[in-house]
Amino acid sequence: EWNYFRGYCYKTSDICLSWKRAESACAVLSSGLVSVHNHEENVFIQQKHNGEKSWVGLSDVATEGRFVWADGSPTNFTNWAPNQPNEYKNQDCVHTLGVNYGYEWNDVQCSACHNYTCK
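Okay, so the sequence shown: first residue is 695 according to my numbering, each after it adds one.
Written as structure tokens, this is what we have:
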């Protein structure tokens with residue numbers, strides 16, 4: 695089920711996949727892992743996951759320390775948790791921490807398994 699919010703359509707998946715597999719699953723739907731550009735959008739996508747962690751389309755796979763959106767859109771909004779991103783053990787992909795953590799973000803290994811949102 696797709697949900698419309700402020701000009702974009704979003705599909706929330708409760709299937710646990712790696713970042714790359716989640717991006718591929720979105721591509722099959724002619725979309726990509728969600729890019730987030732303001733606080734309202736950040737809260738919207740995280741509420742759809744009922745407070746659980748979920749992938750967003752942000753990573754620094756191409757260039758260490760330079761986080762970019764998979765869809766090529768500008769990185770004009772972030773909501774990192776304290777001391778994040780920390781790049782611990784090749785943590786190149788980003789997930790949300792959910793409502794209990796103030797809708798903040800964390801970098802994790804791309805092979806981790808999380809739900810995701812397509813946009």
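All C-beta atoms, glycine included, are put in the ideal place defined by N, C-alpha and C.
- [ ] Classify Glu758 as buried or exposed, calling it buried when 16 or more other Cβ atoms lie within 10 Å of its own Cβ.
- [x] exposed
inquiry  = Could you check whether Thr706 and Val750 sit closer than 9 Å to each other, using their CB atoms as the reference points?
reply    = no
TODO: Put Ser748 into one of helix, strand or coil per three-state DSSP.
DONE: strand
Can you give me the C-alpha to C-alpha distance between Asp754 and Val722, rounded to a whole angstrom?
23 Å
Exercise. Considering only residues of the same chain and omitting the five flanking positions on each side of Pro779, which have a CB-CB separation below 6 Å?
Worked result: Asp801
I'd like the span of the alpha helix (DSSP H) that includes Asn736, first residue to last. 733-741
* Helix or strand or just coil, what does DSSP make of Lys783? -> coil
*Would you kindly check if the distance between the Cβ of Cys807 and the Cβ of Leu711 is under 9 Å?*
yes
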